[in-house]
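Chains as they are written, first to last, in the UniProt record's numbering: chain A, 1 to 342; chain L, 1 to 342.
Don't be surprised by glycine CBs; every beta carbon is placed ideally from N, CA and C.
Right, one structure below, let's go through it.
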DNA sequence: TTGTACGCGTTATCAA
DNA sequence: TTGATAACGCGTACAA
């Protein structure tokens, strides 16, 4: 009932207190905490007991200040929250990352911000909050990454847009080959008027999947004009699909650059009474949960999103451990998964 | 090309360096950085210039160690990643939280972990990484919160399960009243055999929404046996719906405790050829994007999820600022949104 | 194997 | 208004 009681929290125990409790020096306690081999077993036992008794947990700020490392890494996502939460692709990547990190002592800091990535986020990063960074979903305009790389090890998910120096570390799939396999399937089942809903053309994944689309159609001697751009969201894809059908009402197949966008496209097709796959066959990209959660299972280009997250984290951890043998790029395989939509 | 170059990153500038650059003492630079009013304007200018020149950013560990605060708060979610990313409810809450935090100097640390919330997460929290914590989606078994509260200010999203002391701070809606409004609507439109798919019964939101369901039916003199429990996931709800329809094939209405679960239920109903709302009217809960993204718009109990996140963050920030006037609970309003499903 | 002593980069308390 | 100087809690040479 007394006001002010709220802030009357007991101070956390310190190394000093544990040392006193165990009757040794701070240094010895520190050694025990950090698992140094050169401590007498009996001392380890008594110190450990003291730690338990006091419920001691090392202070991270002090530890980080002294050791010059934080034992945590950041995942930087230059998108807004709704996009981040809306696309199952991100969920899969994050899962893979945390899975790898859970095997280590590192913790993850999620930095989702399109609004002002260069200021608040960069400040946070440069303030020594993390030892390294993972960057996914970056766009051509995101030049903050250059600054970042001069500060700490960085691993990209997806080929960086500024990969000129080829000194970047990244995990990716061959988006061109992936989309080619999907579009080729549409050709193989006899479709001749094929359209596409692309991702943003300021992102490698958007560009490359469009390139694959064009390449297949050119090889097959088909028209490549049925193209509409979207933004990797369901609503954006829905609008793009409407535009495309208005401009090219005769298409008999559609390659959509992500599962999430395909849900939007399929919604419009259903609304307009175009039967899938009979009237229009649809191939998507990702093989995320979105591919199977709708009324009609999507034929889609499967990429190992979760494994990519895992690989990114693994790469970064090895970088942080000064592993000299890590390869700069890790290109993972895609495969076409056949379901109902095509 | 030289190996080892990777780690040749320039050291971050320190207060000391800025002081030398500006020709003043560390203390003065510190004052400028922290916006102290008692520094000569001309000195402020020259120090600021030096800071710019050196691209200085204060080291957080050192600052945190000295000031005994971190300027960051945690959002603790005792669920696994898939659940967290799968439910739009969480997205909305996180959005609200970040929105409030963006107006402040605090940053957010997301801690999502059902696997081992008491060990790694609690350790992280107790290591002084954050000044306060937000807890959402907590279950009866989550007794780690007691420890947490003895360490730092905590604000809950949803009435805490151990709210005996009534000393907790939380933001919530009246789940009983909310669900009552939804179920009453089903009664009002003439439905007489009403079932429900509940949330987990170890969570207040699950329990209370079930209580509201029972209360309305009892008031109306209707049977309350058509109840199946689920876990706030689409697939869990789908399975529960199948069980319910097998046991009570005669139901003409269904109250589902969340929008996400309703997507699962609606899928099963469609699959089984039960027309909605004609054969079975459906009322859901949340009014998240999931309520309008499917083929049939959901009639649902709307709760201000984003605003709740905002309010939680606001409450915590005021607690951290030693605001004595903050109320312990903030109960926000719900409203029934009528769409096609009922 | 253990303890002493210094340094990590800031904040905060004094004097000046 | 400014500048020494002592914390803050921990890691780690170095010495014992």
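As the crow flies, the alpha-carbon of residue 112 of chain A is around 21 angstroms from that of residue 235 of chain A. Under the rule that a run must span 3 or more residues, the beta strand (DSSP E) segments found entirely inside the region 119 to 147 of chain L read 132 to 136.
Taking a C-beta distance under 8 angstroms as the contact criterion, residue 209 of chain A and residue 224 of chain A do not qualify as a contact pair.
An exposed status is given to residue 34 of chain L, since fewer than 16 other beta-carbon atoms sit within 10 Å of its beta-carbon.
Inter-residue distance for residue 45 of chain L and residue 22 of chain L is about 10 angstroms (C-alpha atoms, whole angstroms). Using a Cβ-Cβ cut-off of 8 angstroms, residue 325 of chain A does not count as an interface residue toward chain L, since no Cβ of chain L sits closer than that to its own.
Note that the C-beta distance between residue 256 of chain L and residue 299 of chain L is not below 8 angstroms.
When DSSP states are grouped into helix, strand and coil, residue 156 of chain L belongs to the strand group. Near chain A, meaning a CB-to-CB distance below 7 angstroms, the residues of the region 122 to 140 of chain L are 123, 124, 126, 127, 128, 129.
Taken in chain order, the members of the region 142 to 176 of chain A whose beta-carbon sits within less than 8 angstroms of a beta-carbon on chain L are 150, 151, 152, 153.
The C-beta distance from residue 282 of chain L to residue 276 of chain L rounds to 6 angstroms, short enough to meet the 8 angstroms contact threshold. In the three-state DSSP reduction, residue 328 of chain L falls in the coil class, being neither helix nor strand. Against residue 17 of chain L, chain A offers no close residue; the least beta-carbon distance is about 15 angstroms (beta-carbon pairs closer than 8 angstroms). Rounded to whole angstroms, the Cβ separation of residue 303 of chain L and residue 334 of chain L is 5 angstroms, and the two are in contact under 8 angstroms. Apart from sequence neighbours up to five positions away, the residues of its chain that approach residue 238 of chain L with a beta-carbon distance below 8 angstroms are 264, 265, 267, 268, ordered along the chain.
DSSP, read as helix, strand or coil, puts residue 89 of chain A in helix. Under the three-pair Cβ rule at 8 angstroms, the region 203 to 222 of chain L counts as touching the region 170 to 185 of chain L. Remark: C-beta atoms of residue 148 of chain A and residue 133 of chain A approach each other more closely than 8 angstroms. Annotation: residue 107 of chain L to residue 124 of chain L spans about 16 angstroms, alpha carbon to alpha carbon. Two segments are said to touch when three or more pairs of C-beta atoms, one from each, lie closer than 8 angstroms; by this definition the region 68 to 84 of chain A touches the region 85 to 104 of chain L.
With respect to the 8 angstroms criterion, residue 179 of chain A and residue 232 of chain A are not classified as neighbours on the basis of their beta carbons. Residue burial is scored here from C-beta neighbours: residue 228 of chain L has at least 16 other C-beta atoms within 10 angstroms and is therefore classed as buried. DSSP places residue 44 of chain L in the uninterrupted alpha helix (DSSP H) bounded by 41 to 54. Within the model, the alpha-carbon separation for residue 74 of chain A versus residue 316 of chain A is close to 10 angstroms. When secondary structure is reduced to three states using DSSP, residue 268 of chain L falls in the helix class. If only uninterrupted alpha helix (DSSP H) runs of at least 4 residues are considered, those enclosed by the region 192 to 245 of chain L are 204 to 220. The Cβ atoms of residue 136 of chain A and residue 193 of chain A lie no closer than 8 angstroms to each other.
Chain-order list of chain L residues neighbouring residue 65 of chain A: 59, 61, 62, 65, by C-beta distance under 8 angstroms. Counting only Cβ-Cβ distances below 8 angstroms, residue 82 of chain L has contacts in chain A at 91, 95, in chain order.
Chain-ordered, the chain A residues with CB closer than 9 angstroms to the CB of residue 98 of chain L read 81, 112, 113.
Contact between residue 155 of chain A and residue 70 of chain A is absent: CB atoms are separated by about 17 angstroms, not below the 8 angstroms threshold.
Contacts with chain A (Cβ-Cβ distance below 8 angstroms) from the region 203 to 234 of chain L involve 234, listed in chain order. Residue-level contact by beta carbon fails for residue 330 of chain A and chain L, as no gap is shorter than 8 angstroms.
For residue 191 of chain A, same chain residues with a beta-carbon under 7 angstroms away, outside a window of 5 residues either side, are 252, 253, 281 in chain order. Within its own chain, the residues whose Cβ lies closer than 7 angstroms to the Cβ of residue 30 of chain L, once the five positions on either side in sequence are excluded, are 15, listed in chain order. The Cβ atoms of residue 39 of chain L and residue 28 of chain L sit closer than 8 angstroms to each other.
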